[in-house]
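Novice: For the sequence shown, our numbering begins at 1012 and goes up steadily by one.
Handing you a structure now.
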Amino acid sequence: MYARINHVIAQSEMQLTMWIETFKSIGAKVVTEVGAVQITITKTSSNKATLISVFPNKTIADKAAKAVEKNRTEAAKLMKMEFTEGDVVFSQNSLTQE
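Structure follows, in structure tokens:
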């Protein structure tokens, strides 16, 4: 499994809310169609959020990044975005517990 993490800092709560809603209605569908197995957005303050997208492998993660590149570039012009990525070394939820 491979994860891409995007830390978003918007100029206002309204801008962050608009970005979240746009991602939910457009970006999430594209990333899921390419092969994301999990997408999570966590709002950490009124104008900050973290998006975590998990993929089966880096190849699929790269395809997803390419599919949303234009939208990501446009959003990065308006808000501060920091990206990081790496191999998932541990993941547990109620569906994966043994």
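All C-beta atoms, glycine included, are put in the ideal place defined by N, C-alpha and C.
Just so it is clear, the structure is predicted and the values come from calculations on it, not from any experiment.
Once you ignore the five residues that flank residue 1068 on each side, which residues in its own chain have a CB closer than 7 Å to its CB?
Specialist: Locating residue 1068 in the sequence shown gives position 57, counting from the first residue. Excluding residues within five positions, the ones whose Cβ falls inside 7 Å are 1013.
Novice: For residue 1075 and residue 1016, I'd like the C-alpha separation in whole angstroms.
Specialist: Position 64 of the sequence shown holds residue 1075. Position 5 of the sequence shown holds residue 1016. One C-alpha to the other measures close to 13 Å.
Novice: To which residues does DSSP link residue 1015 through a beta bridge?
Specialist: Counting from one through the sequence shown, the residue named residue 1015 turns up at place 4. Paired residue(s): 1064, 1096.
Novice: Quickly, what does DSSP pair residue 1049 with across the bridge? List them, please.
Specialist: Position 38 of the sequence shown, counting from 1, holds the residue named residue 1049. Note: residue 1049 sits in a beta bridge opposite 1065.
Novice: Counting C-beta neighbours from all protein chains within 10 Å, is the total for residue 1097 16 or more, i.e. buried, or is it exposed?
Specialist: The residue you call residue 1097 lines up with position 86 of the sequence shown. Exposed is the call here.
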